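Student:
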Amino acid sequence: MSLVLIAEQILNGLQFGIMLFLMSAGLTLIFGVMGLINLAHGSLYMIGAFIAAAVASATGSFILALVAALSAAALAGAIVEMTIIRKLYNRDHLDQVLATFALILIFSEGTRWVFGSFPLYLDVPAYLQGAVTLPGGIQYPLYRITLIVFGLIIGAGLGLLITKTRIGVQIRAGENDREMVSALGVNISKLYTFVFALGAALAGLAGALVGTIQSVEVGMGEPVLILAFVVIVIGGIGSVKGALIGSILVGLTDTLGGIFLPKLFGLFMDLATATNVGSSIASMSIYILMSIVLVWRPTGLFGQKI
Amino acid sequence: MIKERQLNTFVLGLLILIPIWAYLNDEPFIITLMTRAVIFAIAAVGLNLALGIGGFISFGHAAFFGLGGYVMGILAWHSQSYVTLIEWPIIFEGTKSMPLIWIITILLSALLAAIIGMISLKTTGVYFIMITLAFAQMMYYFSTSWSAYGGEDGLSIYMRNSFPGLNTLDPIQFFIICCTILFIVLFFMGRLIKSPFGLALNASRQSRQRVEAVGFDFHKLQLTAFILSGAITGLAGALFADLNRFVSPSMFSWQLSGEFIVFIIIGGVGRLFGPVIGALIFVWLEHSIGGISDYWHIFLGLILLAIVLFGKGGIIGLVCREDTQNE
Amino acid sequence: MNEPILEAKKLCKTFGSLVAVQDVSLDINKNEIHAIIGPNGAGKSTLIAQICGSLISDEGSVFLASKNITNLSTEKRASLGIGRTFQISALAKEDSVLQNAILGAVGASGKRWGFFKPILKDTVLRDQAEHCLEMVGLKDLMNQKTATLSHGQLRLLEVAIALTLKPKVFIMDEPMAGLGSDGTKQLTKFLDKLREQAPILLVEHDMDAVFALANRITVLDYGRVIASDKASSIKKNPIVQKAYLGEG
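Chains as they are written, first to last, in my numbering: chain G, 79 to 384; chain Z, 7 to 333; chain S, -8 to 239.
1. Got a sec, what are the start and stop residues for the alpha helix (DSSP H) S/Gln177 sits in?
2. Take G/Ser325 and list the residues in its own chain whose beta-carbon comes closer than 6 Å to its own, dropping the five residues that flank it on each side.
3. Please name the residue, chosen from Z/Ser162, Z/Phe305 and Z/Tyr301, that lies closest to G/Val192 on a Cα-to-Cα basis.
4. Tell me where the beta strand (DSSP E) around S/Thr5 begins and ends.
5. As a quick exercise: from G/Ala154, G/Val82, G/Ile115 and G/Thr137, pick the residue whose alpha carbon is nearest that of G/Phe272.
6. Assuming the contact rule is C-beta atoms closer than 8 Å, Z/Pro25 and Z/Phe181 should be a hit. Round their C-beta distance to whole Å, please.
7. Tell me the rounded alpha-carbon separation between S/Gly171 and S/Arg146.
8. In the structure shown, what three-state DSSP assignment does Z/Met124 receive?
9. Please look up how many angstroms separate the CB atoms of G/Ala251 and G/Gly104, rounded, as I've assumed it's under 8 Å.
10. Are the beta-carbon atoms belonging to G/Ile364 and G/Val328 less than 9 Å from one another?
11. Is G/Ala118 near G/Ile129, with beta carbons less than 9 Å apart?
12. Could you tell me whether the Cβ of Z/Arg216 comes closer than 9 Å to any Cβ of chain S?
13. Can you find the residues in the same chain that come closer than 7 Å, C-beta to C-beta, to Z/Val191, ignoring five residues on each side of it along the sequence?
14. Give the single residue among Z/Asn14, Z/Ala69 and Z/Met78 whose Cα lies nearest to the Cα of Z/Gln143.
15. Thinking C-alpha only, which one of G/Ala152, G/Pro203 and G/Gln93 is nearest G/Ile141?
16. Between the Cα of S/Trp104 and the Cα atoms of Z/Gly221, Z/His84, Z/Leu23 and Z/Leu73, which residue gives the shortest distance?
17. Which residues in chain G sit within 7 Å of Z/Trp260, going by Cβ to Cβ distance?
18. Out of S/Arg207, S/Gln90, S/Leu132 and S/Ala11, which one is the CA nearest neighbour of S/Lys112?
19. With a cut-off of 8 Å on the beta carbons, I'd call G/Leu220 and G/Gly208 a contact; round off their distance for me.
20. Give me the Cα-Cα distance between S/Pro(-5) and S/Gly174, rounded to the nearest whole angstrom.
21. Tell me, to the nearest whole angstrom, how far the beta carbon of G/Ile115 is from that of G/Val175; I am working on the premise that it is less than 8 Å.
22. If you measure from the beta carbon of Z/Thr230 to each beta carbon in chain G, is any gap under 9 Å?
23. How many angstroms separate the CA atom of S/Val66 from the CA atom of S/Gln13?
24. Apply the 10 Å Cβ neighbour rule to Z/His84 and answer buried if 16 or more other Cβ atoms are within range, or exposed otherwise.
25. When the cut-off is 9 Å and only beta carbons count, does S/Thr65 lie next to chain Z?
26. Just list the residues that DSSP pairs S/Gly74 with in beta bridges.
27. Quick one: measure Cβ to Cβ for S/Asp164 and S/Ile39, integer angstroms, because I've assumed they're closer than 8 Å.
28. Using the beta-carbon of each residue, which ones in chain S are nearer than 9 Å to Z/Arg197?
29. What is the C-beta distance between S/Ala92 and S/Cys123, in whole angstroms, given that I count them as a contact (C-beta under 8 Å)?
30. Going along chain Z in order, which residues have a C-beta closer than 8 Å to the C-beta of S/Ser70?
31. Is DSSP giving S/Gly51 helix, strand or coil here?
32. Under a three-way DSSP split, which group does G/Gln292 fall into?
33. Which bits of chain Z does S/Lys58 rub up against, with CB to CB less than 8 Å?
34. Look at the alpha carbon of G/Gly72 and the alpha carbon of G/Leu287, and state the distance between them as a whole number of angstroms.
35. Cβ of Z/Gln212 less than 9 Å from any chain S Cβ?
36. How far does the beta strand (DSSP E) with Z/Arg166 in it reach, from first residue to last?
Put into structure tokens, the structure is as follows:
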């Protein structure tokens, strides 16, 4: 078990976490500001990936594909918000869950209808292929490093948006007291549409970026969505900082758990059983982490006390 | 507008008459379809106790459904392969006896519900929804990686399990078994709703302070409801795996958890026969629209959206007039 | 027996930097109505919550019939004999009036964990519930959905449920709030007789009712007791008049 291998896995975990952060940040903002539980977030991730794949194969430009993914997801988000989501803000959680679950069904089958059942492929652009040599002699794929850096830049941008701009102030105020914000004359509808579209754009971007590493297929968004839920539960609903820390924790736990748990079991079991048991437990490690956090802090690490 | 009791009787009639018609007209596929609906109904009746009456939205009831399926699968597989399951403290080679499988399923599902419930019920609202979803996912991933029992490919059980005195491979006889279980579950649920526990649970959904002010332990009420709910849904899972003679990680899927909630909303949340009506309609739609279009989920989504946005109370809310409560 | 039925000793509760309740002590004896008055924000609701168990006190203790209940849960205290009515109605609005009332009878009976017998067929508990409804004049409405009741009727239902508990002490948080003058007069007469069944700790703003009913009055301001005495003395107390009564 070399240090190089460990470092590689840590980087993988970070990359996984940062991409998860793009999903969770949007989700936690939408819940924090609008009080809406949005299951359709995974569909927006999927739409981003599909649009990126389609545009990339049509134009050959990865940058164009990313821009298209972002815009398409934001547009889809805005339209869905204005037509359907808007009617859900005053409803109870069950209604929100069911309505957004219905949206998943519609989006998933709709995508399958338009693009067919076979996965699409999105390639890493030529200028991002290959590996870089990091300090310590570690060889790591250039693309993944780019993802980490890019994700952190977006995270920083999001932080600036929330802390330094007027819209950011409205977002933070809206999280604390919805009625007050509207009484102060802020155009609540526009704010909500903006937040929803922003979350959608982040999800679509994440879908496009990850689509190069994994395949682009119907249903790709939901597993990520559920992980994003775990992240938010750990980090605390409404907290972007919590989403970042939660995502990195989840990313590292999943990646490192998958490597180390089988080895741990290998200490006192035969190799075959250890691998079996180890990977089974590793697949549960994120949820075990979530349970531990919840027992300690029922509203997450940075969540507001309910 | 008819009374809810009349609608319930009508539904009971459908459950009995349709399979009889199918049997007399040699349409075993319809019988199997009805069996599927009845099993889904049992699962949803279980969920309705927690969601409809208790008021906590579990998006992870597939965890129990899948557990039931795997309990049946593991017990039956060991029995059919003559591989010992446990060697200590007693030698146990699995079983293919339905009643025994059901008892073990109910106990283990209740245990799982106790564990998940104790952790999840410390939270409320959105957190609770997400956590129950996450636990079901955990079961899903665990079962895909547990290659001893098929992993992602699942486990096939060649012969349907046995029930004393019946030929369980005969569609109508297996239907009668499942339908009888549904009737028993409905009977107990009906009594439970009117019992002190049911009254308290229903009141706790409306006002935590109220039930505490008269001496009820809120958490104990919720946890008890969750455990009962999980046990019933688990039993349905064992039946489902028996119907298909197959169990796989897909029995843990979040889509299934969502579908259980959909059954309840179509029929009417918190209503005794709501899950039954919802399951029947769902299976019928799946069969009829699914037969025409490969993309029937879009229709399901649109129907669901319409119900949520416009038709509160489901079918029962639409069709039945409001009863006085004191009957 | 001269032991107070309920005793609160030096209760304190702070929220962050806000001191809600500071060093509050009071007690209540048999056949007594002890009123708690004070301006909004004086800490009355916090105090009630500490006595009933919905808030854990930072300091101090609460005794019910000489039993220390300071660290017991709300439901435990309810089963030991605290009969509380809420300022903001805590009722199962979708259920019928009778169902709400019988819930109290069930809670008090210790038969809470029944799973099979339909509760409305339990004649003993049902009679109890109907009797308590009759005492507050709600028996005719017993089959109606609670949500259809008027505000005043909801307050009375709260009282009826508290009655079913056969508590050792009633703790009533602004039961007159929202009642018209007729309703207030009726409830005042009712509570006057009720004190013989169990003493009442009464939080109220309606000064006419308070002086008509209370044996003793404790006045709170900014979380502290500024006066605690016989009703007649409080009326004449200049500090109280300045802080509270003078505003009309």
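We treat Cβ as the ideally placed atom computed from N, Cα and C, and that holds for glycine. Since the model is a prediction, treat every value here as computed from it, not as a measurement.
Tutor: Taking the coordinates as given:
1. Ser172 to Leu185
2. Gly95, Leu98, Phe99, Ser102 and Val309
3. Z/Tyr301
4. Leu(-3) to Phe6
5. Closest by alpha carbon: G/Ala154.
6. Indeed, because the Cβ distance is near 5 Å, the residues count as touching under 8 Å.
7. Here the alpha carbons of S/Arg146 and S/Gly171 stand approximately 12 Å from one another.
8. Note: Z/Met124 maps to helix in three-state DSSP.
9. Incorrect: roughly 19 Å between the Cβ atoms, too far for contact.
10. Yes, they are a contact pair.
11. no
12. Output row for Z/Arg216: interface = yes.
13. Ile48, Val51 and Ile238
14. Z/Ala69
15. G/Pro203
16. Z/Gly221
17. Glu300 and Ile304
18. Considering only alpha carbons, the answer is S/Gln90.
19. Contact between G/Leu220 and G/Gly208 is confirmed by a C-beta separation of about 5 Å, below the 8 Å threshold.
20. 31 Å
21. 6 Å
22. no
23. For the record, residue 66 of chain S in the displayed sequence is Glu; it is not Val. If I take the Cα positions, the gap works out to 25 Å.
24. buried
25. yes
26. S/Gly74 pairs with S/Phe161.
27. 6 Å
28. Phe106, Phe107, Lys108 and Pro109
29. Contact between S/Ala92 and S/Cys123 is confirmed by a C-beta separation of about 6 Å, below the 8 Å threshold.
30. Gly221
31. strand
32. coil
33. Within chain Z, no residue comes near S/Lys58; the closest Cβ sits about 15 Å away, beyond 8 Å.
34. Nothing can be reported for residue 72 of chain G, as the shown portion of chain G is limited to 79 through 384.
35. yes
36. Going by DSSP, Z/Arg166 is part of no beta strand (DSSP E) at all; its letter is neither H nor E.
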